Every structure is written in C-alpha cells, then in structure tokens.
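S.K.: First residue of the sequence shown? That's 1 in full-length UniProt numbering, and the numbers climb one at a time after it. Cβ atoms here follow ideal geometry from the backbone N, Cα and C, with glycine treated the same way. Here the structure is a predicted model, which is why all the values come from computation and not from measurement. Can you read through this structure? Questions will come right after.
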Amino acid sequence: MPDWRFPAEWEPQDAVLLAWPHAGTDWAERLASVEATFVALVGAIARFEPVLLCAADGGVAQRARGLLAAAGVPLERVRFIEIEYDDTWLRDSGPITLRDAAGAPRFLDFRFTGWGGKFGASRDDALIAGLAARGVLDAARIERIDFALEGGAIETDGRGTLLSTWRCLSKRHPRLTRVQVSEVLRTELRQQRVLWLEHGYLEGDDTDAHIDTLARLAPDDAIVFQACDDRADAHHAELAAMAAELAELRTVDGRPYRLFPLPWPRPVLDAGRRLAASYANFLIINGAVLVPAYDDPADVAAAAVLADAFPDRRIIPVPCRALIWQNGSLHCLTMQIPQGALSDA
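Below, the structure written as structure tokens:
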C-alpha cells in the first residue's frame, strides 16, 4: 500500500486552481470590482506558476481571457476549463491532494455541503469529478470520501501535523466526538496528530471559523496568526485566547512553535455589516507569498511579518477589499495542486 503524504502548501506546486466570477454567482452586484481583483490575483500567480482557471461557459472564459490579456497577463500560463460551479471559493470545493513516495497523486474528494448547508452546493460538490471528466485530473486517482470537509478548515506542515478549529468541525459533524473526527482526519489525510484550537473567530465569516482565516502553519515549525491589539474591538478577547492557545502548542519533538502575529486591520464595514478582513488568508506559491491588502495602514506591516516568516519568498500584496464583501479573501479562492500531481492527467 502506498505511503501517502499530505504536502504542506509551501512545497513545490504544479499550478493553482481558481474559478472566475460571473453574473450567475453572488458576485453579480459588484462584478466589475471583483473581476479587477481576479485579474490582479491571476496575474500575480502566473508570474510564478501556471493557473488552472475554471469558467462557467464559453462567454465567461472569453470575458476572463480579454480582461487578463488587457492587463498583460501571459495567457500561455493560464489553462481555461469550462465547467459549472455554484461559487468561486475553490479552497473548499477543490481537491485535497496527497502524494506517495514516488510523487504520484491521490485527489481526495470530500463532501462539500455549502459550509454546513448554508448555501446550495450541488455543482461545487461535483467539481472534482467534473475536472476529471475534462482531463484536468486523473479520474483513477480520485477518491470520494463520505465526510464533510473544506480545504480552508485544515492546515498541515507536510510532516504529519494537522491544525484545525473545533468550532468548525463540530458544526459539520455535531453527532461525532472530537476523538472520532480526529480519527477520520488522521486516517484520510495520513496525519500523525491533530491540533485543535478552541478560540478564534472573525465577524462576517460564514465558515464557522476556518483555520485559514486565523492561524497558518509555516516552514521551520512556525505559525503565522491573526492577532488583535485593539482592546476595544469585539475580537480582542477571542483572538488573545487563541494566541495563548498557540503559545501552548508544541512540535512533535516538544518545542514551542515560532509565532508570527499579524497586525489587526481597521474594521471594514459595508452597509453597517462588518466584513471578515484577515491577513492570515495569504496564499503560498512557488517563490512567493500573496498577502491580502485592504487599503489599510496595516497592509505594510502585514507584508513585513510575512517576509520574516518566509524569508526565501517574495511578498506580493493583492487588493482584496472587494473579496471580503462575500466573506472570504484570496486563500479562500484558490487551491494549489502539488508538484507532479498533473503529470499523468
């Protein structure tokens, strides 16, 4: 039986998977502004690695192609895939990829339930099978798993440690104990252990506290996390408690993690509703880290923290204020495909 491993995000990648927004999605009301963000995001990724870009139909693909070309994005680095989807948050509906010792992939297709039934998700749940039908993924290497899990709910160091939030997984599986959920995650994702956080949330987040908006594993036993230094902010107590939890965590060999707190952006409001702005929702790609920017003075400080945590990578800000209107940021939109995973497709 192959010795499967769940690679860390900072390991070499074949490509990054995204889905272009269109008028049939929740982005319709502000499509132009979010398309500008997608142009910036796809352009930033394409500088370092290929992009797999889902488009709902030929018209959407043509529009995306035109906008990208007008911005000078090299289209030879973008593969367009015509496929239906409910939403653009492919971190949660895209494949979670394991690799064996020879580098061969195994694409895990967990049930996607629209974040616990909050939204319709039938097309997103069928996305991975659809990618295989279009020759993007090798169908023989896909494993459907009857367990609800979103990619944004888990972080791995590539060496057997998984980090998650109990708030999210307990919502998805209210009839299971923590021991039972941990066992499923260890078995299916080939992990030695699961580290659970009890605290941490963002107002406006509808994922039930995905870990990728709060705390991210990084190379050399590090954790980069969203801090809050404003004692008057409603998030202060929860994020301070989360920081204390992180300080108590230990590596496999018993050492504390190196912690990198990210600065707290000013509240972003839309018609009185607070939006979930987090610098922890960064994306690691080959040679770079893409960090959300919110037109905030803290943007520069957040980039500096990531430069310390990832000294061998370029730090590239991507404007994400338009994205948080729909309660996510750039990591939520993307799913990396590890190196070698596409070679047999």
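1. Report, in whole angstroms, the separation of the C-beta atoms of residue 108 and residue 188, which I expect to be a contact under 8 Å.
2. Look at residue 277 and residue 294 and say whether their C-beta atoms are less than 8 Å apart.
3. Within 10 angstroms of the Cβ of residue 23, are there 16 or more other Cβ atoms? Answer buried if so, exposed if not.
4. Let's test the definition: count the other Cβ atoms within 10 Å of the Cβ of residue 155 and tell me whether it reaches 16, buried, or not, exposed.
5. Which ranges would you report for the alpha helix (DSSP H) in the segment 216–283 if only whole runs of at least 4 residues count?
6. If the criterion is Cβ atoms closer than 8 Å, does the pair residue 78 and residue 36 meet it?
7. Decide if residue 296 is buried, meaning its Cβ has at least 16 other Cβ atoms within 10 Å, or exposed.
8. Please classify residue 220: is it buried, with 16 or more other beta-carbons within 10 angstroms of its beta-carbon, or exposed?
9. Please list, in chain order, all residues of the same chain as residue 241 whose beta carbon is under 6 Å from its beta carbon, the five residues on each side excluded.
10. Can you check whether the CB of residue 216 is closer than 8 Å to the CB of residue 223?
11. Could you say if the segment 60–78 and the segment 86–97 meet the contact criterion of at least three C-beta pairs nearer than 8 Å?
12. For a test of the three-state rule: what should DSSP assign to residue 89, helix, strand or coil?
13. Where do the N-terminal and C-terminal ends of the beta strand (DSSP E) with residue 106 fall, by residue?
14. Give the straight-line distance between the Cα atoms of residue 238 and residue 275, rounded to the nearest whole angstrom.
15. Residue 323 and residue 91 - do their beta-carbons sit closer together than 8 Å?
16. Would residue 298 and residue 263 be called neighbours here (beta carbons separated by less than 8 Å)?
17. How big is the Cα-Cα spacing for residue 345 and residue 140?
18. Would you call the segment 56–71 and the segment 17–31 touching, i.e. three or more CB-CB distances under 8 Å?
19. I believe residue 174 touches residue 99 by the beta-carbon criterion, under 8 Å. Please report the beta-carbon distance rounded to the nearest angstrom.
20. Along the beta strand (DSSP E) that carries residue 27, what are the first and last residues, could you check?
21. So, under 8 Å CB-CB, residue 252 and residue 161 are touching, yes? Tell me the CB distance rounded to an integer number of Å.
22. Where residue 286 and residue 54 are concerned, what is the direct C-alpha to C-alpha distance, given to the nearest angstrom?
23. DSSP three-state call for residue 197: helix, strand or coil?
24. With residue 73 as the anchor, note down where its beta strand (DSSP E) starts and where it stops.
25. How about residue 115 and residue 208: are their beta carbons less than 8 Å apart?
26. Let me confirm a value: residue 101 is counted as buried when at least 16 other C-beta atoms fall within 10 Å, else exposed. Which label applies?
27. For the beta strand (DSSP E) that residue 13 lies in, which residues bound it at each end?
28. Which residue comes first and which comes last in the alpha helix (DSSP H) that contains residue 128?
29. Assuming residue 144 and residue 4 are in contact, meaning their beta carbons sit under 8 Å apart, how far apart are those beta carbons, in whole angstroms?
30. Can you tell me whether residue 54 is helix, strand or coil according to DSSP?
31. If I measure Cβ to Cβ from residue 328 and keep anything under 7 Å in the same chain, skipping five residues before and after, which residues do I get?
32. Quick one: what's got a C-beta closer than 7 Å to residue 40's C-beta in the same chain, skipping five residues either side?
33. According to the neighbour-count rule (16 or more other Cβ atoms, all chains shown, within 10 Å of its Cβ), is residue 12 buried or exposed?
34. Of the residues 300, 301, 213, which one's Cα is nearest the Cα of residue 330?
M.R.: On the basis of the coordinates in this document:
1. Working through the sequence shown from its first residue, we reach residue 108 at position 108. Working through the sequence shown from its first residue, we reach residue 188 at position 188. Yes, they are in contact, since the Cβ atoms of residue 108 and residue 188 sit about 7 Å apart, within 8 Å.
2. Within the sequence shown, residue 277 is the residue found at index 277, counting from 1. Within the sequence shown, residue 294 is the residue found at index 294, counting from 1. Contact: yes.
3. Locating residue 23 in the sequence shown gives position 23, where the first residue counts as 1. Under this definition residue 23 is an exposed residue.
4. The residue labelled residue 155 in the question sits at position 155 within the sequence shown. Result: buried.
5. 236–248
6. Walking along the sequence shown from the start, residue 78 turns up at place 78. Walking along the sequence shown from the start, residue 36 turns up at place 36. No, the pair does not count as a contact, with Cβ atoms beyond the cut-off.
7. Here residue 296 refers to the residue found at position 296 of the sequence shown. Its Cβ being crowded by 16 or more others within 10 Å, residue 296 is buried.
8. Start at 1 with the first residue of the sequence shown, and residue 220 comes out as number 220. Exposed, by the Cβ-count rule.
9. Along the sequence shown, one-based indexing puts residue 241 at 241. Result list for residue 241: 199, in chain order.
10. Numbered from 1 along the sequence shown, position 223 holds the residue referred to as residue 223. Numbered from 1 along the sequence shown, position 216 holds the residue referred to as residue 216. Taking 8 Å as the Cβ cut-off, residue 223 and residue 216 qualify as a contacting pair.
11. no
12. Translated into the one-based positions of the sequence shown, residue 89 becomes position 89. The answer is coil: DSSP assigns residue 89 none of H, G, I, E or B.
13. Taking the first residue of the sequence shown as position 1, residue 106 is located at position 106. Note, residue 106: beta strand (DSSP E), 105–111.
14. Indexing the sequence shown from 1 puts residue 238 at position 238. Indexing the sequence shown from 1 puts residue 275 at position 275. Cα to Cα, residue 238 sits roughly 17 Å from residue 275.
15. Residue mapping note: residue 91 aligns to position 91 of the sequence shown, counting from 1. Residue mapping note: residue 323 aligns to position 323 of the sequence shown, counting from 1. No. Outside cutoff.
16. Sequence index remark: in the sequence shown, residue 298 carries index 298 (1-based). Sequence index remark: in the sequence shown, residue 263 carries index 263 (1-based). Yes; because the gap between Cβ atoms is below 8 Å, this pair is in contact.
17. Walking along the sequence shown from the start, residue 345 turns up at place 345. Walking along the sequence shown from the start, residue 140 turns up at place 140. Confidence at residue 345 is low in this model, with a pLDDT of 42, below 50, so the placement of that residue should be treated as unreliable; the coordinate-derived value is given next. Between residue 345 and residue 140, the C-alpha separation is close to 9 Å.
18. yes
19. In the sequence shown, residue 174 corresponds to position 174, counting from 1. In the sequence shown, residue 99 corresponds to position 99, counting from 1. Incorrect: roughly 32 Å between the Cβ atoms, too far for contact.
20. The residue labelled residue 27 in the question sits at position 27 within the sequence shown. Here residue 27 belongs to no beta strand (DSSP E), and DSSP marks it neither H nor E.
21. The count along the sequence shown starts at 1 and reaches residue 252 at position 252. The count along the sequence shown starts at 1 and reaches residue 161 at position 161. Residue 252 to residue 161, Cβ: 7 Å. Contact.
22. Residue numbering aside, residue 286 sits at position 286 when the sequence shown is read from its first letter. Residue numbering aside, residue 54 sits at position 54 when the sequence shown is read from its first letter. Residue 286 and residue 54: Cα-Cα distance of roughly 21 Å.
23. Within the sequence shown, residue 197 is the residue found at index 197, counting from 1. Residue 197: strand per DSSP, three-state reduction.
24. For the purposes of this step, residue 73 is taken as the residue at position 73 of the sequence shown. Looking at the DSSP string, residue 73 is not in any beta strand (DSSP E), and its letter there is neither H nor E.
25. Position 115 of the sequence shown, counted from the first residue, corresponds to residue 115. Position 208 of the sequence shown, counted from the first residue, corresponds to residue 208. Cβ distance < 8 Å, so residue 115 and residue 208 count as in contact.
26. As a working mapping, residue 101 is identified with position 101 in the sequence shown. Under this definition residue 101 is an exposed residue.
27. Along the sequence shown, one-based indexing puts residue 13 at 13. Looking at the DSSP string, the run of the beta strand (DSSP E) that includes residue 13 is 13–19.
28. Against the sequence shown, residue 128 aligns to sequence position 128. Segment 127–133, the alpha helix (DSSP H) holding residue 128.
29. Residue numbering aside, residue 144 sits at position 144 when the sequence shown is read from its first letter. Residue numbering aside, residue 4 sits at position 4 when the sequence shown is read from its first letter. That belief does not hold up - the Cβ atoms of residue 144 and residue 4 are roughly 16 Å apart, past 8 Å.
30. By one-based count along the sequence shown, residue 54 stands at place 54. Of the three classes helix, strand and coil, the one that applies to residue 54 here is strand, per DSSP.
31. Reading the sequence shown from its first residue, position 328 is the one you call residue 328. Excluding residues within five positions, the ones whose Cβ falls inside 7 Å are 89.
32. Indexing the sequence shown from 1 puts residue 40 at position 40. Answer for residue 40: 318, 319, listed in chain order.
33. Here residue 12 is taken as the residue at index 12 of the sequence shown, counted from 1. Burial call: exposed.
34. Counted from its first residue, the sequence shown places residue 330 at position 330. If we check each option's Cα against that of residue 330, 213 comes out closest.
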